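Protein chains: 2
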Amino acid sequence: MLISEPQLRLFTQNIFLAMGCSEVHASLAADVLLKSDLRGIDSHGVARLSGYIRLWEKQRINPTPNIRIIHETATTATIDGDAGLGLVIAPFAMQVAIDKAKVYGSGWVSVRNSNHFGIAGYHALMAVEQDMIGFAMTNASPLVAPTFSGERLLGTNPMCYAFPAGKYPPVIVDMATSAAANGKLEIAQRSGKQVPEGWIQDQQGNPTTDPHALKAGGALLPLGSDREHGSHKGFGLSATVDILSGVLSGAGFGPWVPPFVSFLESPVNPPGQGIGHFLGAMRVDGFRPADAFKSDMDIWIERFKSASTIDPNQKVIIPGEPELEAELDRMQNGIPLVDAVAKDLNELAVKMGLKPLTE
Amino acid sequence: MLISEPQLRLFTQNIFLAMGCSEVHASLAADVLLKSDLRGIDSHGVARLSGYIRLWEKQRINPTPNIRIIHETATTATIDGDAGLGLVIAPFAMQVAIDKAKVYGSGWVSVRNSNHFGIAGYHALMAVEQDMIGFAMTNASPLVAPTFSGERLLGTNPMCYAFPAGKYPPVIVDMATSAAANGKLEIAQRSGKQVPEGWIQDQQGNPTTDPHALKAGGALLPLGSDREHGSHKGFGLSATVDILSGVLSGAGFGPWVPPFVSFLESPVNPPGQGIGHFLGAMRVDGFRPADAFKSDMDIWIERFKSASTIDPNQKVIIPGEPELEAELDRMQNGIPLVDAVAKDLNELAVKMGLKPLTE
Numbered sequence: 001m002l003i004s005e006p007q008l009r010l011f012t013q014n015i016f017l018a019m020g021c022s023e024v025h026a027s028l029a030a031d032v033l034l035k036s037d038l039r040g041i042d043s044h045g046v047a048r049l050s051g052y053i054r055l056w057e058k059q060r061i062n063p064t065p066n067i068r069i070i071h072e073t074a075t076t077a078t079i080d081g082d083a084g085l086g087l088v089i090a091p092f093a094m095q096v097a098i099d100k101a102k103v104y105g106s107g108w109v110s111v112r113n114s115n116h117f118g119i120a121g122y123h124a125l126m127a128v129e130q131d132m133i134g135f136a137m138t139n140a141s142p143l144v145a146p147t148f149s150g151e152r153l154l155g156t157n158p159m160c161y162a163f164p165a166g167k168y169p170p171v172i173v174d175m176a177t178s179a180a181a182n183g184k185l186e187i188a189q190r191s192g193k194q195v196p197e198g199w200i201q202d203q204q205g206n207p208t209t210d211p212h213a214l215k216a217g218g219a220l221l222p223l224g225s226d227r228e229h230g231s232h233k234g235f236g237l238s239a240t241v242d243i244l245s246g247v248l249s250g251a252g253f254g255p256w257v258p259p260f261v262s263f264l265e266s267p268v269n270p271p272g273q274g275i276g277h278f279l280g281a282m283r284v285d286g287f288r289p290a291d292a293f294k295s296d297m298d299i300w301i302e303r304f305k306s307a308s309t310i311d312p313n314q315k316v317i318i319p320g321e322p323e324l325e326a327e328l329d330r331m332q333n334g335i336p337l338v339d340a341v342a343k344d345l346n347e348l349a350v351k352m353g354l355k356p357l358t359e
Numbered sequence: 001m002l003i004s005e006p007q008l009r010l011f012t013q014n015i016f017l018a019m020g021c022s023e024v025h026a027s028l029a030a031d032v033l034l035k036s037d038l039r040g041i042d043s044h045g046v047a048r049l050s051g052y053i054r055l056w057e058k059q060r061i062n063p064t065p066n067i068r069i070i071h072e073t074a075t076t077a078t079i080d081g082d083a084g085l086g087l088v089i090a091p092f093a094m095q096v097a098i099d100k101a102k103v104y105g106s107g108w109v110s111v112r113n114s115n116h117f118g119i120a121g122y123h124a125l126m127a128v129e130q131d132m133i134g135f136a137m138t139n140a141s142p143l144v145a146p147t148f149s150g151e152r153l154l155g156t157n158p159m160c161y162a163f164p165a166g167k168y169p170p171v172i173v174d175m176a177t178s179a180a181a182n183g184k185l186e187i188a189q190r191s192g193k194q195v196p197e198g199w200i201q202d203q204q205g206n207p208t209t210d211p212h213a214l215k216a217g218g219a220l221l222p223l224g225s226d227r228e229h230g231s232h233k234g235f236g237l238s239a240t241v242d243i244l245s246g247v248l249s250g251a252g253f254g255p256w257v258p259p260f261v262s263f264l265e266s267p268v269n270p271p272g273q274g275i276g277h278f279l280g281a282m283r284v285d286g287f288r289p290a291d292a293f294k295s296d297m298d299i300w301i302e303r304f305k306s307a308s309t310i311d312p313n314q315k316v317i318i319p320g321e322p323e324l325e326a327e328l329d330r331m332q333n334g335i336p337l338v339d340a341v342a343k344d345l346n347e348l349a350v351k352m353g354l355k356p357l358t359e
């Protein structure tokens, strides 16, 4: 089923309004979710809307947060999100980073007491629109086992780096630090297929191809999959995200990051509050004239796009390129919703006293 | 053969002095190389000394560089290394970042016209000693093929993040963004062993376990090894390092990064000058009191160290821990040199008119 972008946006906005968000917050939260659906990252868009609502029902999301800076220097700040939607807290934090970068060249903000912030790329792109380089990362509830560990201690902890270019679209590296995203596992679970070895381990820590092994007490593996192929590097990257987002801000970290799902309780006596994020912006012209940088970015992109390839039909993909193609297509032709998500949204509308998305 | 740290340091310093470096630069360059040997990263220490000398003989390393800031804001700067040793340029750049961070909370420096900078960890640790978080990365000559590419377009482009802790040593994530480091391949080449699938591809882009395939026109693979296991993520990380180090500074980037080895010519008409680095420092107390951060880092470290493990004899390794253990051991007991490196250093001494390291 295809839904037009304006229709899905209005629906999403109304759900957030019904939750008690201000108009500004509802519109911003919808914008972050829609950006994900537009860019083809279906796992992080409106498919999660009912999850946010369930957390709100359990009073784990505050619809009217007092988001505030609790510590700062000229170019650094820590923000307390007051248990609000990460979808509005992270853009607030990135704006603080951008404002500092405008004056001092760079700005860096660590966030505590937040919730799931949608796609990291949304926030990093806010910097790119100002001719800045954008950084965005977040910790997440534990699903990943560090190298040699039998237990889950880290989230899929994504990191995003975004760079403006000249005549080409921005280069956007936006990636989970695990070998495979949880969404890919869920697809395999639904379709009853096996997954490649190197994505997950079972409860005893053995390699497995059974996608249900995660829910049965197994764990996702860090990028690199096993020690021989560099899983200690994926673990190191995930640790970096956890420390910058969680330890630096005073949020939960490691196994104490609260779960996104409402049926799991939050950890008892966590060392910090809520989920943590880390956002940064650096002015390109803090290093060299923006035009010179952008024209070299164009050279970089052209050289990689024109690389000789193994398969003549499979070009090298510039990071961010497929997502932009999806966005242009879906703005024009509408956003595809799988039946399960459409049904979920309609049920949500009923619960919130709104008109269903589809009849 | 075991050589004491002071003996190897003095020898190394004298080589740099004989090359024409100032006493301050010779001492600093020796310090960076020795740190690598002490920390057990034998591929980046004195084993490279003759390589630096050969580049100097070809006039590709300037022993008396005029290292200078060519562009800056309050918290950002670009430095031209004047074709000097990266071993002295990178510490200069990190000091600029630290000085900016002292005043404004953070400092970020991109470097062009440099050479190989040794281990990234050395530079990042300079920030940690000031209760700051340290970032260090560098691009390098092309050995790695992006996902789907049949040609090498990126270096092993390492990234390092270093965090101070309280009663425990700092957490130091210092990693090549390729699946395996070139040094590991060289060990397999010397011993005539096959390497695991997922480290390299051959000239046609096929998976191979032959360690000689790299020299025969093949390529190292990005972290993740293949598309199914996330090699596009390793490619994205390597691209990030290349852009922050090369494009942002005006250094060479992608396939135009000059080779470390003197027998390969530098690329013709490169879009930038020399090798590029990127260094950064953020004050911990720009985000929260340093003591609070450090005591939470201790909790983080203790939780990961005490994780239940798959094999009871193999604990989870905290990033940076094995290197510190090596350093303590080698400071006490001396630095092991393999015969080939000892022979190489003795020949180097003769060439430079110095006393050999060993008789």
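Protein chains in written order, with UniProt numbering: chain F, 1 to 359; chain X, 1 to 359.
No residue lacks a Cβ here, since even glycine has one placed at the ideal position from N, Cα and C.
None of the values given here were measured: they were computed from a predicted structure.
For a Cβ distance threshold of 7 Å, nothing in chain F lies close to TYR52/X: the least Cβ distance comes to about 27 Å. Residue contact check for TRP108/X against chain F: a CB pair falls below 7 Å.
Fewer than three pairs of CB atoms, one per stretch, sit closer than 8 Å, so the stretch 128 to 146 of chain F makes no contact with the stretch 204 to 222 of chain X. When C-beta distances to chain X are compared with 8 Å, the residues of the stretch 217 to 234 of chain F below that value are LEU223, GLY224, SER225, GLU228, HIS229, GLY230, HIS232, LYS233, GLY234, in chain order. When only Cα atoms are considered, ASP329/X and SER308/F end up about 47 Å apart.
Note that the C-beta distance between LEU8/F and ILE317/F is not below 7 Å. Per the C-alpha coordinates, the member of ASP339/X, PRO312/X, LEU221/X positioned closest to ASP202/X is LEU221/X. Annotation for VAL257/X: no beta strand (DSSP E) segment contains it, and DSSP assigns it neither H nor E.
A distance below 6 Å between beta-carbons, with the five flanking residues on each side excluded, links GLY183/F to the following residues of its chain, in chain order: SER43. Contact annotation: in the stretch 111 to 141 of chain F, residues whose CB is within less than 8 Å of a CB in chain X are ILE133. Under the Cβ criterion of 7 Å, LEU38/X is not counted among the residues facing chain F. When DSSP states are grouped into helix, strand and coil, VAL96/X belongs to the helix group. About 21 Å separates the Cβ atoms of GLY280/F and TRP300/X, ruling out a contact at the 8 Å cut-off. With contacts defined as CB atoms closer than 7 Å, ASP296/F and PRO271/X qualify as a contacting pair. For THR309/F, the chain X residues whose Cβ falls inside 7 Å of its Cβ are PHE148, SER149, GLY150, in order along the chain. Secondary-structure assignment with DSSP links VAL338/F through no beta bridge to anything.
Only exposed fits PHE263/X, as fewer than 16 other CB atoms lie within 10 angstroms of its CB.
Exclusion of the five residues before and after GLU321/F leaves PRO169 as the residues of its chain whose Cβ lies within less than 8 Å of its Cβ. Nearest Cα to ALA124/F within the set TYR104/F, ALA219/F, PRO164/F, MET352/F: PRO164/F. Taking 7 Å as the threshold, the shortest C-beta distance from MET175/F to chain X falls below it. Against chain X, the CB of VAL316/F has a partner CB under 7 Å away; the residue lies at that interface. Within 9 Å of the CB of SER249/F, the CB atoms of chain X belong to PHE287, ARG288, in sequence order along the chain. In the same chain as SER50/X, and ignoring 5 residues on each side of it, the C-beta atoms closer than 8 Å to its own belong to ASP344, LEU345, GLU347, LEU348, in chain order. Cβ contact annotation for VAL96/F (same chain, cutoff 6 Å, sequence separation greater than five): ALA77, VAL109, in chain order. Under the three-state reduction of DSSP output, TYR168/F falls in the coil class, being neither helix nor strand. For ASN14/X, the three-state secondary structure derived from DSSP is helix. Beta bridge pairing from DSSP links ALA136/X with CYS160/X, LEU279/X. Judged by their CB atoms, TYR104/F and ALA127/F are not nearer to each other than the 7 Å cut-off. With contacts defined as CB atoms closer than 7 Å, ALA181/X and ILE200/X fail to qualify as a contacting pair.
Here LEU248/F is buried, its C-beta having at least 16 other C-beta atoms within 10 Å.
A distance below 7 Å separates the beta carbons of ARG283/F and ALA101/F. Pairing PHE278/F with PRO63/X, the inter-Cα distance amounts to about 40 Å. In the three-state DSSP reduction, TRP56/F falls in the helix class (H, G or I). By the neighbour-count criterion, in which a residue is buried when 16 or more other Cβ atoms sit within 10 angstroms of its Cβ, LEU2/X is exposed. Along the stretch 150 to 164 of chain X, the positions whose C-beta sits under 7 Å from a C-beta of chain F are GLY150, GLU151, LEU153, TYR161, PHE163, read in chain order. Here the C-alpha atom of PHE92/X lies approximately 13 Å from the C-alpha atom of ARG112/X.
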